[in-house]
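Reading through the structure tokens given below for one structure.
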């Protein structure tokens, strides 16, 4: 048997087939939903996964306003942000971030709460900063990505 003929195939950005995926967040727990979405963004659900290549899918999340936080997390959990100036530490709760998602000045598809949670689940490097741009989150059931023909996924059946 000629073992020199076996080659390890490493995917690159040109060979990876990327799809558009639609996920409904109605009555889903925020952390569990975001961890599954982070796996899809990284491409860990595909057989061609490579940790240093952007091989994940583009994800559209609809009905983000109907997501569930257990216990008192909506009001008691605190996210800290620091501006860089003395006395510039800001405290935000998930309730405040949910209200911010309805602001008209925010770019469509950017939900502050989901982005904050998912950013912590992605790599802290240039790959992670590219991957977070592949998720689009909308409060209502409609989205402007119909032209991409997104494939609807039941997130409860994913591991």
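Numbering (our numbering), first residue to last: -16 to 142. Backbone N, C-alpha and C define an ideal beta-carbon position, used for all residues, glycine too.
Given a threshold of 16 other Cβ atoms within 10 Å of its Cβ, counted over all protein chains shown, does residue 81 qualify as buried or as exposed?
buried
Which stretch, first to last residue, makes up the alpha helix (DSSP H) that contains residue 59?
56 to 59
Nearest to residue 121 by CA position, among 141, 84 and 139, is which residue?
84
Do residue 60 and residue 141 have their beta-carbon atoms positioned less than 7 angstroms apart in this structure?
no
State the beta-bridge partners of residue 7 as determined by DSSP.
45
Does residue 88 pass the burial test, meaning 16 or more other C-beta atoms within 10 Å, or should it be called exposed?
exposed
Going by DSSP, what residues sit across from residue 75 in a beta bridge?
62
Give the single residue among 31, 5, -2 and 106 whose Cα lies nearest to the Cα of residue 135.
5
Using DSSP's beta-bridge definition, name the partner residues of residue 51.
12
Please determine, among 110, 115 and 108, the residue with the shortest C-alpha to C-alpha distance to residue 96.
115
Less than 7 angstroms separating the beta-carbons of residue 33 and residue -6?
yes
Counting only the same chain and skipping the five closest in sequence on each side, list residues whose C-beta sits under 8 angstroms from that of residue 113.
37
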